[in-house]
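Scroll down for the structure; my scribbles are underneath it.
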Amino acid sequence: LRAIFSLGMFRVGTLALLTGANALSTSATLHPHICGIRRRAVAGGLTMKWGVDIAPWKLEYGLQSPPVVLPAGALERGCAEPFTVTDEQRRALVDDGAVIIPALLSSEWLEYLRAATDWQVQHPHFWSVAGVASGLYDYIQRSVWASNEAFANFVYYSPLASALAGVADAEKLRLSTDLLMVNPNKGFKWHQDNQNGPIDAFGDRKALRWWVTMDDTPTDHGAPVYLKGSHRNSVVSQDAVFVDLERDGLLAYPELLEFKPKAGDLIVWHARSIHKIDGPSDQDWGNSKRRVFGGTVALNDATYESMGRALFSDMGSHGLQDGDSLDHPLFPLIYPRPDPLEQSARSAGRCTRTTEGMTRLAGNIFASAGEMLSWTNVVNPDKEEQKAGGS
Numbered sequence: 012l013r014a015i016f017s018l019g020m021f022r023v024g025t026l027a028l029l030t031g032a033n034a035l036s037t038s039a040t041l042h043p044h045i046c047g048i049r050r051r052a053v054a055g056g057l058t059m060k061w062g063v064d065i066a067p068w069k070l071e072y073g074l075q076s077p078p079v080v081l082p083a084g085a086l087e088r089g090c091a092e093p094f095t096v097t098d099e100q101r102r103a104l105v106d107d108g109a110v111i112i113p114a115l116l117s118s119e120w121l122e123y124l125r126a127a128t129d130w131q132v133q134h135p136h137f138w139s140v141a142g143v144a145s146g147l148y149d150y151i152q153r154s155v156w157a158s159n160e161a162f163a164n165f166v167y168y169s170p171l172a173s174a175l176a177g178v179a180d181a182e183k184l185r186l187s188t189d190l191l192m193v194n195p196n197k198g199f200k201w202h203q204d205n206q207n208g209p210i211d212a213f214g215d216r217k218a219l220r221w222w223v224t225m226d227d228t229p230t231d232h233g234a235p236v237y238l239k240g241s242h243r244n245s246v247v248s249q250d251a252v253f254v255d256l257e258r259d260g261l262l263a264y265p266e267l268l269e270f271k272p273k274a275g276d277l278i279v280w281h282a283r284s285i286h287k288i289d290g291p292s293d294q295d296w297g298n299s300k301r302r303v304f305g306g307t308v309a310l311n312d313a314t315y316e317s318m319g320r321a322l323f324s325d326m327g328s329h330g331l332q333d334g335d336s337l338d339h340p341l342f343p344l345i346y347p348r349p350d351p352l353e354q355s356a357r358s359a360g361r362c363t364r365t366t367e368g369m370t371r372l373a374g375n376i377f378a379s380a381g382e383m384l385s386w387t388n389v390v391n392p393d394k395e396e397q398k399a400g401g402s
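Per our numbering, the sequence shown runs over residues 12 to 402.
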């Protein structure tokens with residue numbers, strides 16, 4: 012029943028995306044009301060916290076521009092703030108499949124990202140509806156860079172792109188996915204990431220996953236845990252999300268990497284690296300927060316590779332075919348410096364979801380059924396404990 016419920020929520024979310032494809036063509040905004048942290052019952056037994064009201068007339072549509080101020084010099088510099096990555100950190104990513112890079116963000120950048128996130132939660136966008144209604148997160152929104160100017164400026168000008176290019180020795184980076192996440196209530200059991208956009212994220216030196224946290228990790232939950240070296244596994248299929256460590260032959264990677272990032276730290280990993288995050292035992296973060304901005308970057312001269320998959324970050328109009336260069340405003344260049352023409356396209360609202368993109372997604376849902384069924388197990392795992400180093 013839990014699996015059926017999750018699939019039902021997926022179908023509801025997809026329907027919401029399909030029926031609202033034209034909503035972003037309007038610049039009208041409606042300002043929602045937000046109250047203090049609380050639980051609120053809604054139809055179907057779902058609960059939503061932080062007072063996020065996702066009634067259609069309470070949501071914002073179109074582009075958003077929060078009143079947050081960039082750190083001094085960011086616009087004048089016109090590119091990512093420099094950041095130095097060590098040889099040890101580069102080796103750790105290659106050898107272990109994941110690495111933590113402490114203190115990516117200065118206090119100014121950290122406060123900027125927190126302010127942008129809190130403003131977004133207080134002004135929920137239409138594209139957050141399915142995720143918020145699911146109850147998996149207190150707030151979650153994909154492709155927030157495309158609708159919220161503050162997050163676009165963060166990926167353009169913060170030290171993020173410099174750190175990612177440095178740890179991968181990359182000459183060029185394009186953003187292929189992004190995701191704003193506030194408080195994962197259920198956590199996510201052992202899985203790999205395959206919603207990385209229309210790229211070959213599992214190829215050698217093709218892409219990186221990244222995760223910037225805005226809050227210190229709690230003592231007893233919320234810490235990302237990776238199977239060290241599991242990015243080299245050849246047993247998990249690319250369309251799998253949830254994995255069973257014993258059944259899938261992953262007990263060959265018994266060593267765990269547990270990161271407890273502090274506010275402003277960066278975690279980088281290979282998309283094939285097997286990992287999990289445990290949420291609070293009562294599925295309620297209470298008055299605490301775990302705000303994270305994460306996503307995927309394509310390295311160097313990446314190509315468009317949809318491979319007929321249902322990709323939630325590929326719902327715009329671009330005309331690209333498999334094998335074409337990924338050069339397009341929907342997948343913006345962020346290193347060595349952003350492209351002014353692509354930035355103008357985003358500011359003009361041409362980097363958002365369209366009816367054409369929604370139709371493409373809907374047409375690929377059936378082909379991705381295996382992935383979607385596997386995904387339900389990430390949040391609805393079997394009762395049998397997954398065994399790896401006592402996890």
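We put the beta carbon where it would ideally sit given N, CA and C, even for glycine.
Taking Q332 as the centre and dropping the five residues before and after it, the same chain places the C-beta of Y315 closer than 8 Å to its C-beta, in chain order. Apart from sequence neighbours up to five positions away, the residues of its chain that approach N375 with a beta-carbon distance below 7 Å are G319, R320 and A321, ordered along the chain. Taken in chain order, the complete alpha helix (DSSP H) segments of 4 or more residues contained in the region 164 to 214 are 171 to 179. For P272, there is no enclosing alpha helix (DSSP H), as DSSP marks it with neither H nor E. Listed in chain order, the non-local C-beta contacts of E266 below 6 Å within the same chain comprise K239, local neighbours out to five positions each way being set aside. In the structure shown, N375 adopts helical secondary structure according to DSSP, grouped into three states.
DSSP places P351 in the helix class (H, G or I) of the three-state scheme. Here A141 carries a helix assignment [DSSP, helix/strand/coil]. Y315 carries a coil assignment under DSSP once its states are collapsed to helix, strand and coil.
If the five residues before and after I151 are omitted, its C-beta is found closer than 6 Å to the C-beta atoms of G142 and M192, all from its own chain and listed in chain order. Within the same chain, G198, D289, G290, P291 and S292 come within 8 Å of H232 by CB-CB distance, once the 5 residues on both sides are set aside.
In the pairwise beta carbon analysis, the region 241 to 249 is classified as not touching the region 353 to 368: fewer than three pairs are separated by under 8 Å.
DSSP places R320 in no beta strand (DSSP E); its state is neither H nor E.
Assigned with DSSP and collapsed to three states, A85 falls in helix. Looking at the backbone, the Cα of S336 and that of A313 are separated by about 6 Å. Contact between I285 and R185 does not hold, since the beta-carbon distance rounds to 25 Å and is not under 8 Å. For Y148, the enclosing beta strand (DSSP E) stretches over residues Y148 to R153. The region 164 to 173 makes contact with the region 89 to 100, as at least three CB pairs between them are under 8 Å. Assigned with DSSP and collapsed to three states, F162 falls in helix.
In its chain, beyond the 5 residues on either side, V178 have a beta carbon closer than 6 Å to the beta carbon of R101.
In the structure shown, A263 falls within a helical segment according to DSSP collapsed to helix, strand and coil.
A359: not part of any alpha helix (DSSP H); DSSP gives it neither H nor E.
From the listed residues M326, A282 and L124, the smallest Cα separation to K217 is found for A282. Its chain contains S299 as the residues whose beta carbon lies nearer than 7 Å to that of P229, once the 5 sequence neighbours on both sides are disregarded; these appear in chain order. Bounds of the alpha helix (DSSP H) holding Y123 are S118 to Q133.
When the beta-carbon positions are compared, N207 and T307 come within less than 8 Å of each other.
Residues of the same chain with a CB within less than 8 Å of the CB of A263, apart from the 5 flanking positions on each side, are N244 in chain order. Counting along the chain, no beta strand (DSSP E) covers V105; the unbroken alpha helix (DSSP H) around it starts and ends at D98 to D107.
Going by DSSP, W222 is part of the beta strand (DSSP E) stretching over A218 to T224. Closest in C-alpha terms to I111, from the list A309, G260 and P235, comes P235. The closest CA to that of A163, considering only V79, N205 and G214, is found on V79. Of all alpha-carbon atoms in P195, W201, Y167 and S187, the one lying nearest the alpha-carbon of P347 is that of Y167. For A103, the CB contacts under 6 Å within the same chain, skipping 5 residues up- and downstream, are V110 in chain order. A straight-line Cα-Cα distance of about 20 Å links M326 and R220. The shortest C-alpha to C-alpha distance from N311 to any of K271, D215, R361 and I278 is the one to D215. When rounded, the separation of the alpha-carbon atoms in E122 and G260 is 43 Å.
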